[in-house]
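In order, the protein sequence lines correspond to chains A and B.
For the first sequence, counting from 1, position 105 maps to 89 in the working numbering; every step adds exactly one.
To convert, take the position in the second sequence, counting from 1, and add 1200; that gives the working numbering.
Backbone N, C-alpha and C fix where the C-beta goes; we use that ideal spot for every residue, glycine too.
Note sheet for the following structure.
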Amino acid sequence: MIVETDPVSSTGGPPLAHGTAVGGPDALLRVEDVSVSLGGRLILDRVSFSVGAGEFCGLIGSNGAGKTTLLRAILGLIAPAAGRIVVAGGARSRRNPQIGYVPQKIALEPDMPLRARDLVGLGLDGHRFGISGPSAKRRLAVDEMLDAVGATPFAEARVGSLSGGEQQRVMIAQALISRPKLLLLDEPLANLDIRSAAEVVELLARIAGEQRIAILLSAHDMNPLLPVMDHVVYLADGRAASGTTDQVVRTDTLSRLYGHSVEVIHVQGRVLVVAGAEHQAHHAGDDDPSPWKA
Amino acid sequence: MLGAASWSPLFEPGFFSSEPVHVALVVGAIAAIVSGTVGVFTVIRGQSFAGHALSDIGTAGGSAAFLVGASTIYGFVAFNVVAAAVMELIGLRKPRGRDLATGIVLGASLGLAALFLYEDTISSSTTGATVNVLFGSIFTLPSGITTVMTVLGVASVALIVVLYRPLLLSSVSYDLAAARGVPVRLVGGGYLLALALAVSMSAVTIGAILSTALLIGPAAVALRLATRTGVAILIAAAVGVFACWAGTLIAYDSTVWAGGNGWPVSFCIVAVIFVFYFASGIVSRLRTDRRRVATRDRPKAPTPVEVA
Chain A
-15 MIVETDPVSS
-5 TGGPPLAHGT
5 AVGGPDALLR
15 VEDVSVSLGG
25 RLILDRVSFS
35 VGAGEFCGLI
45 GSNGAGKTTL
55 LRAILGLIAP
65 AAGRIVVAGG
75 ARSRRNPQIG
85 YVPQKIALEP
95 DMPLRARDLV
105 GLGLDGHRFG
115 ISGPSAKRRL
125 AVDEMLDAVG
135 ATPFAEARVG
145 SLSGGEQQRV
155 MIAQALISRP
165 KLLLLDEPLA
175 NLDIRSAAEV
185 VELLARIAGE
195 QRIAILLSAH
205 DMNPLLPVMD
215 HVVYLADGRA
225 ASGTTDQVVR
235 TDTLSRLYGH
245 SVEVIHVQGR
255 VLVVAGAEHQ
265 AHHAGDDDPS
275 PWKA
Chain B
1201 MLGAASWSPL
1211 FEPGFFSSEP
1221 VHVALVVGAI
1231 AAIVSGTVGV
1241 FTVIRGQSFA
1251 GHALSDIGTA
1261 GGSAAFLVGA
1271 STIYGFVAFN
1281 VVAAAVMELI
1291 GLRKPRGRDL
1301 ATGIVLGASL
1311 GLAALFLYED
1321 TISSSTTGAT
1331 VNVLFGSIFT
1341 LPSGITTVMT
1351 VLGVASVALI
1361 VVLYRPLLLS
1371 SVSYDLAAAR
1381 GVPVRLVGGG
1391 YLLALALAVS
1401 MSAVTIGAIL
1411 STALLIGPAA
1421 VALRLATRTG
1431 VAILIAAAVG
1441 VFACWAGTLI
1451 AYDSTVWAGG
1461 NGWPVSFCIV
1471 AVIFVFYFAS
1481 GIVSRLRTDR
1491 RRVATRDRPK
1501 APTPVEVA
């Protein structure tokens, strides 16, 4: 376990925004005091956390909390205004082969002439110019990857014709085939039915454990991740609290993060984050975190 | 004469010995191959709009070339390549960019086309220019055209071959391609250049207004039949070449049936493409029906009862 301190819960004082750099020297991903501004608006405010090998980290926050921006910064698609992002010991840069990426819901038409196996192949050499010749080695690598994510039964089908859960498996295979050390997934569970979401989470947890890959997965609902999450980064208004689920998903920590009173309720093994009672009384109808969007 | 006529009921006499027909067949085949190759990506990327925009802009280019006495292909290419560059700068990917491009660039270029075509008509005292530029006249192309077409055709297909994988990856997800280090804007710009050339060559074959038909039609047929991008490109190119050749033949033969005044080649080519599209719809529907029957027996996910 990498995380020893949590800036929000440990001090009890106001320096919530100023996150303490966490993570040992062996962390695969270190985000240190990162701020990002887009169009003059501060999207991320001094965010710090780290993810180690084999660790499953959930990046939780409602829409607009800055999850996608943070992932894009880690990928090198956005330059942080301040702070540092270190991936596998080296400075973050574009085309970092250490990072595998599953973007937010790809919208492929059902008639797009691209089979699941072709998309996985693009994960291997899609950035190269020219056409790939037939290669037994390439085919074997693709077959192995399809098998590893359980996508062999629909390997020959068009990606656009697959169900949401099947598409996510193919996208995960696409991201893993280049053997990255860090896997970033942007809302992979959005639009999935409960059963498919649970299957995808289970698959990812298995991969993280077996291949010692660090996984950072963004989601607006943390509940499907609770059984497997080693570590949570909770984003609200561009600020982050990180630590174990028990450290972060607490009434006092999240209230400080949101800057107003929220309450964490445990119902039958699930977690709900709702507006606090006294706050609700005074600011009914405010843009409070709703239980389903937390 | 009688012997030649009975040689085949399909080919009217003189089809194979006519020089304009030779040129038409070669030009049509080149335009169809390029359009098929580029067109599959155009449909995949949802950029039929850009193809149509270029065909409008090409109209201005073709009519300008006619005015200065040059071959229309040069006008199509010059205007389309410049337009493609402008569209890339405006940012065609964004909806706002599309709106601006529609209102300003297309409006302006069709206005120019109206002016040039008017001047063409005045200066040549015929209405030939309008029909020639808008609807094409594949039987009256200048003799040097095949060389120009070959050079441009090889260039644009080579461009697509070079860009193939990154273009496909960025068509799946722009962000994913960017994260993998693909120079996404460069690749998108290179593709737009190939599109500009394809539309120009198509415009020479079936006219500026109809050029999108050769670009999108065969690609749409291919997408209904193929599950792989490479196969889709081959099908699109084959359908396009067949449509151009069959259309040319029908137009040639129609001079005999219609008593001297044959149907326009462009009409015949577009009609053949439409028939293909219609037929491919039937084929793909039959296929999905069969697949549905086949999957009915497959073990399904557990029923809600089992999950509970």
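Hey, could you find the ends of the alpha helix (DSSP H) V1226/B is sitting in?
Here the alpha helix (DSSP H) through V1226/B covers 1219 to 1244.
Which residue wins for smallest C-alpha separation from A1253/B, given the options V1475/B, A1408/B, S1454/B?
Comparing Cα positions, the closest option is A1408/B.
I'd like to check one pair, G144/A with D95/A: are the Cβ atoms closer than 8 Å?
Yes, these two residues count as a Cβ contact at 8 Å.
G24/A: buried (16+ other C-beta within 10 angstroms of its C-beta) or exposed?
So G24/A counts as exposed.
I27/A lies in the alpha helix (DSSP H); which residues open and close that run?
First-last for I27/A: 25 to 35, but that is the beta strand (DSSP E), not the alpha helix (DSSP H).
Beta carbons nearer than 9 Å to chain A: which residues of the region 1235 to 1250 of chain B have them?
Going along the region 1235 to 1250 of chain B in chain order, one finds V1240, V1243, I1244, G1246 with a Cβ nearer than 9 Å to chain A.
Spell out whether any CB of chain A is found under 8 Å from the CB atom of Y1364/B.
It does; some Cβ of chain A falls within 8 Å.
So, does the region 1389 to 1405 of chain B touch the region 122 to 136 of chain A, judging by three or more C-beta pairs under 8 Å?
Because the criterion of three Cβ pairs below 8 Å is not met, the region 1389 to 1405 of chain B and the region 122 to 136 of chain A do not touch.
Does DSSP classify G7/A as helix, strand or coil?
Because G7/A sits at a pLDDT of 48, beneath the cut-off of 50, its placement in the model cannot be relied upon, and the following sentence gives the value as read from the coordinates. In this structure, G7/A counts as coil in the three-state DSSP scheme.
Where does D230/A land, buried or exposed, given buried means 16+ other C-beta within 10 angstroms?
Classification of D230/A: exposed, given that the 10 Å Cβ count is below 16.
At what residues does the beta strand (DSSP E) containing H250/A begin and finish?
Unbroken beta strand (DSSP E) run through H250/A: 246 to 251.
Tell me which same chain residues have a C-beta within less than 8 Å of the C-beta of M213/A, skipping the five on either side of it?
So the list reads F40, C41, G42, M206, T229, once near-sequence residues are dropped.
Enumerate in chain order the residues of its own chain whose CB-to-CB distance from V185/A is below 8 Å, with the five nearest sequence positions on each side excluded.
Around V185/A: L173, P208, L209, P211, V212.
Hey, could you find the ends of the beta strand (DSSP E) R1380/B is sitting in?
From DSSP, R1380/B is part of no beta strand (DSSP E); its letter is neither H nor E.
Taking Cβ positions only, does M96/A come closer than 8 Å to chain B?
Yes - at least one Cβ of chain B is within 8 Å of the one on M96/A.
Which residues in chain A have a C-beta closer than 7 Å to the C-beta of S1373/B? List them in chain order.
Ordered by position in chain A, the residues that pass the 7 Å Cβ test against S1373/B are P87, I90.
Residues of chain A with a CB under 7 Å from the CB of L1376/B: which are they?
Here the neighbours are Y85, P87.
Could you tell me which residues DSSP puts in a beta bridge with H215/A?
According to DSSP, H215/A bridges with C41/A.
Count the other C-beta atoms from every protein chain shown that fall within 10 angstroms of the C-beta of I1355/B, then say buried if there are 16 or more, exposed otherwise.
Contrary to the premise, residue 1355/B reads as Ala rather than Ile in this sequence. Its Cβ having fewer than 16 others within 10 Å, A1355/B is exposed.
For D1489/B, count the other beta carbons within 10 Å of its own beta carbon; 16 or more makes it buried, fewer makes it exposed. Which is it?
Under this definition D1489/B is an exposed residue.
From R179/A to E171/A, what distance separates their C-alpha atoms?
The straight-line gap from Cα to Cα measures roughly 16 Å.
Is it true that the region 1461 to 1475 of chain B meets the region 1277 to 1285 of chain B, where meeting means three or more beta-carbon pairs spaced less than 8 Å apart?
These segments do not touch.
Would you mind telling me which residues of chain B sit closer than 8 Å to H111/A, beta carbon to beta carbon, in chain order?
The contacting residues are R1365, P1366, L1369, A1377, R1380, G1381, V1382.
For V18/A, which of helix, strand or coil comes out of DSSP?
If DSSP states are grouped into helix, strand and coil, V18/A belongs with the strands.
Going along chain A, which residues have a C-beta under 8 Å from V1431/B?
By Cβ distance, chain A contributes P97.
Closer than 8 Å, CB to CB, is V1357/B near chain A or not?
V1357/B does not count as touching chain A.
Can you tell me the Cα-Cα spacing of A1260/B and T1330/B, whole angstroms?
Computed Cα separation, rounded: 11 Å.
Tell me whether V1387/B is buried or exposed, calling it buried when 16 or more other Cβ atoms sit within 10 Å of its Cβ.
Buried: at least 16 other Cβ atoms inside 10 Å.
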